[in-house]
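**Student:** So in our numbering, the last one in the sequence shown is 177, and the numbering has no gaps at all.
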Amino acid sequence: MRIRLLAPPALALSLSLSGCAAAQGGAAPSLAKRPVEGQFDVAPPTVVVAPPGPLPADLAGRLARWEADATAAQQAFAAERTPTVEAVAAAQGAAIASERWVVAQQAVSRLVAARAPLTAALADIDRLYLERRIEEAVDGLPEIFALRERLTELASAQDAVVAALSSELPEE
6 MRIRLLAPPA LALSLSLSGC AAAQGGAAPS LAKRPVEGQF DVAPPTVVVA
56 PPGPLPADLA GRLARWEADA TAAQQAFAAE RTPTVEAVAA AQGAAIASER
106 WVVAQQAVSR LVAARAPLTA ALADIDRLYL ERRIEEAVDG LPEIFALRER
156 LTELASAQDA VVAALSSELP EE
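Next up, the structure:
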């Protein structure tokens, strides 16, 4: 009984395999490109993009001002950092809303405010990038990107300091 049940599927399988072997005969089908396949090959248009030129004079002054603002903000941040560290250390173990806690929170707020010219300059550079992108103007982009990278690194370092000091204060 069992042999009879296995015979039909085995027979069907052997017939299908013999059909595959017969179809291949002697030569395998060619994998070469058929003529119809090349009809739609179209070479992409070549676009020549000119390398960026020097920074336009009006932008050079703006970049210099933003760099000066960032330098001033870094100096103000550095000046506020030590008193803030001291205020946060004094608030260790203090109750939330106690005098020491409030003084430390205010110190952290002054530290954040000291970096405002840096964050404003970074926002202006991002706006400049978008304007230049819309106008498809590439002149001066290396200088713009270099300044943006420097300011982004400064802002990230300052963010880390503020986050570390804020994490040391008890939260509600």
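Ideal Cβ positions, reconstructed from N, Cα and C, are used throughout, including at glycine.
Please say whether T89 and L159 have beta carbons closer to each other than 8 Å?
**Tutor:** Cβ atoms of L159 and T89: not closer than 8 Å.
**Student:** Among Q163, V167, T157 and L146, which residue has its Cα nearest to the Cα of A55?
**Tutor:** Among Q163, V167, T157 and L146, the Cα nearest to that of A55 is on L146.
**Student:** Would you mind reading off the limits of the alpha helix (DSSP H) that contains E141?
**Tutor:** No alpha helix (DSSP H) contains E141, which DSSP labels as neither H nor E.
**Student:** Below 8 Å between beta carbons: does that hold for R178 and V166?
**Tutor:** Outside the displayed range of the chain (6 to 177) lies residue 178, so it cannot be described from this structure.
**Student:** Specify, as a first and last residue, the run of the alpha helix (DSSP H) that I149 falls within.
**Tutor:** Here the alpha helix (DSSP H) through I149 covers L146 to E173.
**Student:** Alpha carbon to alpha carbon, how far is V107 from D131?
**Tutor:** Roughly 35 Å between the two C-alpha positions.
**Student:** Following the continuous alpha helix (DSSP H) through L64, name the residue where it begins and the one where it ends.
**Tutor:** It spans A62 to A95 - the alpha helix (DSSP H) in which L64 sits, taken as one unbroken run.
**Student:** Going by DSSP in three states, I130 sits in which element: helix, strand or coil?
**Tutor:** Three-state result, I130: helix.
**Student:** Using the beta-carbon count (16 or more within 10 Å), is V93 buried or exposed?
**Tutor:** The residue is buried, with at least 16 neighbouring Cβ atoms inside 10 Å.
**Student:** Kindly list the residues whose CB is nearer than 6 Å to the CB of W121, restricted to its own chain and excluding five residues on each side of it in sequence; keep chain order.
**Tutor:** Reading off the sequence, residue 121 comes out as Ala, not Trp. So no residue of the chain qualifies.
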